[in-house]
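Colleague: Each residue of the sequence shown is one higher than the one before, counting from -11 in this note's numbering.
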Amino acid sequence: MSNDSSQTPRLFSTGRRAALGAAVAAGLMPRGGARAQQQGAVIDITRARTEPIPIAVPDFAGTGDAQRLGRDIAEVVLNNLRSSGLFRPVQRAAFIQTAEAAAQAPRFQDWRVIGAQALTTGRADLQGDRLRVEFRLWDVLPEQQLQGTAFTAPPANWRRIAHLISDVIYERLLGEKGYFDTRVAYIAESGPRDRRARRLAIMDQDGQNHRFLTDGSAAALTPRFHPNAQQIAFMSYAQNQPRVHLFSLESGRQEVLGNFPGMTLSPRFSPDGRSVVLSSTRGADANIYVVDLASRRERQLTSGGGLDVSPCFSPDGSQVVFNSDRGGDQQLYVMSADGGNIRRISFGRGRYATPVWSPRGDLVAFTRIAGGQFAIGVMRPDGSGERILSEGWGMESPTFAPNGRVMMFFRESPARDSRGGGYSSRLASIDISGFNERQIVTPTDASDPAWSPLLS
């Protein structure tokens, strides 16, 4: 694709045995000139929390098959923006100007009168075996173009173009990177609870383009993306050996990582993608190791009695957060990347697990259980500022979108009948401020989500 540019089973345990069981501005100059670009408003994201931005997203103009693709692209853009909770799409029934006319020259009074503050216009054209999509973003009140971008790609990639356009809009209006051109790996679950089939699966962040990556003959758990978004590390029970495997999305091949004598679990890549941090059992204890991907050499970071699991690097690679029962119950700890300077950071009521560092570096997300209630929350890396975002019957495994603004996790709930084994498991997303919790639809039950980096 090109663009034209001018600018473990469950990680909570009641005991030790259970714990072991692109968008860049294009060469489409604004009609208002350079001054219009400089004065384009950036809307404060905090204010947008309670005042979603009213935006009009008409169909992209085109003829023949390109018209259909333009309509589909606009629909995906509209759904992406709506799902963030930070935009309020204007009802299309209220539109006065047609999509074709708006693509030629917006009549701003027609958009102001229906309450739109931002407007997207675009055109799709098929040029042989290529699809070209031109897109513009307008600030309706001052009548200025904020952005102009053109993408060229095979027609089959029309959905990817829509996600890239959504990211342009998000970044231009909110002042931070979008997260729509991403994928989510997760564990697809089916069958009774005591005979659960667990397959590695992947989809776009909006639930489309779904596919299964493993056949379910061996249980899979805890997938994690490589920084290049083309490899996934996960735990597999292939041949009844619990090992960390690497799966290549380009080739479809998988291989075992290392030759550890015990169970290996909870893999995560380092920020530079050159190593994997994981937990490995030796007898009754579990410790944290770093494995170099080129040499497959391992380096032990923790030692002594206790279960040290769920390690995760900070975005700069200088620290690792993990959970451990070394103090008597499950709590969160942070250490230097060489294993030194270990300090506890969780001090609230209950037990803590599955920590993950925000891509921004400002927060650590976690799962907490207290008084029989599960919760997903965040705290600062020093343990201060703890906030609970969502509580429920069972929830676990938070994962951040690449901009650090949204999290995904899985939520369990009692099933309506006994065919699913007495419970169901679904993915959900939530804004880090604690609003806009949404269920993510998947073909089967789902758990252990992992959000990819941006693809572009």
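We put the beta carbon where it would ideally sit given N, CA and C, even for glycine.
Contact between the region 119 to 135 and the region 91 to 100: three or more CB pairs below 8 angstroms?
Modeller: In this structure the region 119 to 135 lies against the region 91 to 100, because at least three pairs of beta carbons, one per stretch, are closer than 8 angstroms.
Colleague: Leaving aside the five residues before and after residue 67 along the sequence, list all residues of the same chain whose C-beta is less than 7 angstroms from its C-beta, in chain order.
Modeller: 194
Colleague: With 16 other CB atoms within 10 Å as the buried threshold, where does residue 43 fall?
Modeller: buried
Colleague: Anyone know if the C-beta pair for residue 217 and residue 441 falls short of 8 angstroms?
Modeller: yes
Colleague: Taking DSSP as the reference, what is the three-state secondary structure of residue 369?
Modeller: coil
Colleague: Contact check, residue 48 vs residue 112 under 8 angstroms by CB: the rounded distance?
Modeller: 5 angstroms
Colleague: Check residue 258 in the structure and name its three-state DSSP category.
Modeller: coil
Colleague: Taking DSSP as the reference, what is the three-state secondary structure of residue 247?
Modeller: In this structure, residue 247 counts as coil in the three-state DSSP scheme.
Colleague: Give me the Cα-Cα distance between residue 322 and residue 136, rounded to the nearest whole angstrom.
Modeller: Whole-angstrom Cα-Cα distance: 44 angstroms.
Colleague: What distance in whole Å lies between the Cβ atoms of residue 286 and residue 279, which are believed to be in contact at a cut-off of 8 angstroms?
Modeller: 5 angstroms
Colleague: Taking the alpha-carbon of residue 40 as reference, which of 76, 46, 397, 415 has the nearest alpha-carbon?
Modeller: 76
Colleague: Could you tell me whether the region 338 to 346 touches the region 298 to 312, where touching means 3 or more Cβ pairs closer than 8 angstroms?
Modeller: yes
Colleague: Drop a sphere of 10 angstroms on the beta-carbon of residue 53, count the other beta-carbons inside from all chains shown, and report buried for 16 or more, exposed for fewer.
Modeller: exposed
Colleague: Please report the distance separating the alpha-carbon of residue 372 from that of residue 354.
Modeller: 13 angstroms
Colleague: Comparing C-alpha positions only, which one of 261, 96, 70, 50 sits nearest to residue 120?
Modeller: 50
Colleague: Among the candidates 116, 254, 83, 115, whose CA atom is the shortest distance from the CA of residue 108?
Modeller: 83
Colleague: Only counting the same chain, and skipping five residues up and downstream in sequence, which positions put a Cβ closer than 6 angstroms to that of residue 402?
Modeller: 411
Colleague: Nearest to residue 248 by CA position, among 256, 242, 277, is which residue?
Modeller: 277
Colleague: Is any heavy atom of the ligand FMN found at a distance shorter than 7 angstroms from the C-beta of residue 92?
Modeller: Ligands in the displayed structure: none, and consequently the ligand FMN is not present.
Colleague: Can you give the beta carbon distance from residue 356 to residue 340, rounded, assuming they're within the 8 angstroms contact cut?
Modeller: 5 angstroms
Colleague: Tell me the residue span of the alpha helix (DSSP H) that contains residue 330.
Modeller: Taken as a continuous stretch (DSSP letters only), residue 330 belongs to no alpha helix (DSSP H), as it is neither H nor E.
Colleague: Could you spell out where the beta strand (DSSP E) holding residue 151 opens and where it closes?
Modeller: Where residue 151 is concerned, there is no enclosing beta strand (DSSP E), although the alpha helix (DSSP H) it sits in stretches over 146 to 162.
Colleague: Answer with buried or exposed for residue 243, where buried requires no fewer than 16 other C-beta atoms within 10 angstroms of its C-beta.
Modeller: exposed
Colleague: With a cut-off of 8 angstroms on the beta carbons, I'd call residue 186 and residue 208 a contact; round off their distance for me.
Modeller: 5 angstroms
Colleague: Residue 299 to residue 267, Cα distance in whole Å?
Modeller: 7 angstroms
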